[in-house]
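Inspection log for the structure reproduced underneath, given as structure tokens.
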Amino acid sequence: MQNTLAYRLSFILNFLSGFIGLIAMYFLWQAVYIGRDQLSGFTWEQMQAYLLVTFFVNSMLSYYSESSITNKIIDGSVMMDLLRPIQFQKARLAETLGSCVLEGLLSCILIGLAAIFTFGITLPHDVWTLTLFALSLLSSILLKFCIVYLSALLCFWTTSGFGIYWARVSITNLLSGALVPLAFFPGWLQSFAMVLPFQGIVNTPVMIGLGMRGSFEALELIAIQLGWIVLLWLLGKMLWSRAIRQITIHGG
């Protein structure tokens, strides 16, 4: 959190870019829904809530948090982490969660409240649904971190992290439903996306939050999220053990 406050300009720019993206997507879908009551099972009110949750998830772990991991690898400061009695993966998770408090949570609460009052979004009032939604949302943040961490480790084999970052963003936004809900996909592509971990980042919490999944099915989806988190976490540990063999340190 102290690092986030120290780089306030980066925080503000991320804040503004996320807000502009939300507004752009809102007016785009508003134009699509003109003259239509619903599309692929989504009413206009549900689509507004979908956009808000998507913005919330993406803001909780934005480029600022992701770049802090890749920069350590690209500029060689990862060497200092190797000298410390800490696990690199756990340390990056702690830093990410710390930055989420300010970079993600505060900005999303302010913009989220403004969006709710402006767009007239109705959130579920059922306590059980809200509990499942909160659990799924927390799982989506951890799941996104695991994916971001794996992509960041690929920088050990490159000289720049920008290409990896944009490739990761494109794949994640498409297959998670951040750009277009998975319900709008062709049947074969939707089935393909549902077996991948990306759908747990946006599609799962949104479906649960909108009440479009029953309690039992919601618990199944959360269990799938947790399963992918464990699997990707272990994969991250394996990739880290191979990645550190790429480090070459010159001098004393």
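For the sequence shown, position 171 matches number 189 in our numbering, and the numbering has no gaps at all.
All residues carry an ideal CB built from backbone N, CA and C; glycine is no exception.
Can you give me the C-alpha to C-alpha distance between residue i and residue j, rounded to a whole angstrom?
{"i": "L161", "j": "A109", "result": "16 Å"}
{"i": "L31", "j": "F37", "result": "10 Å"}
{"i": "M225", "j": "W206", "result": "20 Å"}
{"i": "F216", "j": "P223", "result": "12 Å"}
{"i": "M78", "j": "G179", "result": "20 Å"}
{"i": "S188", "j": "G195", "result": "11 Å"}
{"i": "L276", "j": "L46", "result": "Nothing about residue 276 can be read from this structure; the chain reaches only from 19 to 270."}
{"i": "Q208", "j": "L192", "result": "11 Å"}
{"i": "P199", "j": "V71", "result": "12 Å"}
{"i": "Q107", "j": "S157", "result": "17 Å"}
{"i": "L120", "j": "S233", "result": "32 Å"}
{"i": "K255", "j": "E63", "result": "42 Å"}
{"i": "A211", "j": "L57", "result": "20 Å"}
With burial defined as no fewer than 16 other Cβ atoms inside 10 Å of the residue's Cβ, what is the status of residue i: buried or exposed?
{"i": "F163", "result": "buried"}
{"i": "G270", "result": "Any answer about G270 is weak, because its pLDDT of 43 lies below 50 and its placement is not dependable; what the coordinates show is given next. When all chains shown are included, G270 counts as exposed."}
{"i": "T114", "result": "buried"}
{"i": "I52", "result": "exposed"}
{"i": "I104", "result": "exposed"}
{"i": "S35", "result": "exposed"}
{"i": "L250", "result": "buried"}
{"i": "S259", "result": "exposed"}
For residue i, which of the options has the nearest alpha-carbon?
{"i": "A18", "options": "V96, L69 and R54", "result": "Past the boundaries of the shown model lies residue 18; the chain is included only from 19 to 270, so the question cannot be answered."}
{"i": "L168", "options": "R54, L252 and T61", "result": "L252"}
{"i": "L150", "options": "I247, A42, Q243 and K255", "result": "Q243"}
{"i": "V145", "options": "I262, L228, F202 and G245", "result": "L228"}
{"i": "A67", "options": "S85, Q48 and R54", "result": "Q48"}
{"i": "L69", "options": "I92, A42 and Q56", "result": "A42"}
{"i": "L197", "options": "L120, F73 and R54", "result": "F73"}
{"i": "I262", "options": "L249, L214, N89 and L100", "result": "L100"}
{"i": "R231", "options": "L148, D93, M256 and L111", "result": "L148"}
{"i": "R214", "options": "P204, W258, T190 and E235", "result": "In the sequence as presented, Arg is not what sits at residue 214; that position holds Leu. Among P204, W258, T190 and E235, the Cα nearest to that of L214 is on T190."}
{"i": "G218", "options": "F203, A236 and P204", "result": "A236"}
Cβ atoms of residue j and residue i: under 7 Å apart, would you say?
{"i": "Q166", "j": "V75", "result": "The question names Gln, yet the displayed sequence has Val at residue 166. In this structure, V75 does not lie closer than 7 Å to V166 by Cβ."}
{"i": "G59", "j": "A201", "result": "yes"}
{"i": "F174", "j": "I87", "result": "no"}
{"i": "S154", "j": "I240", "result": "yes"}
{"i": "L172", "j": "I182", "result": "yes"}
**Prompt:** If you scan the stretch 68 to 104 from start to end, which runs of the alpha helix (DSSP H) of 4 or more residues do you find wholly inside it?
**Reply:** For the stretch 68 to 104, whole alpha helix (DSSP H) runs of length 4 or above, ordered along the chain, are 81 to 92 and 96 to 101.
**Request:** Tell me the start and end of each unbroken alpha helix (DSSP H) in the stretch 186 to 217 that is at least 4 residues and wholly inside, in chain order.
**Result:** Whole alpha helix (DSSP H) segments, 4+ residues: 205 to 212.
**Item:** Segments of 4+ residues assigned as alpha helix (DSSP H) that fall wholly inside the stretch 135 to 182
**Value:** Runs of the alpha helix (DSSP H) inside the stretch 135 to 182: 145 to 171.
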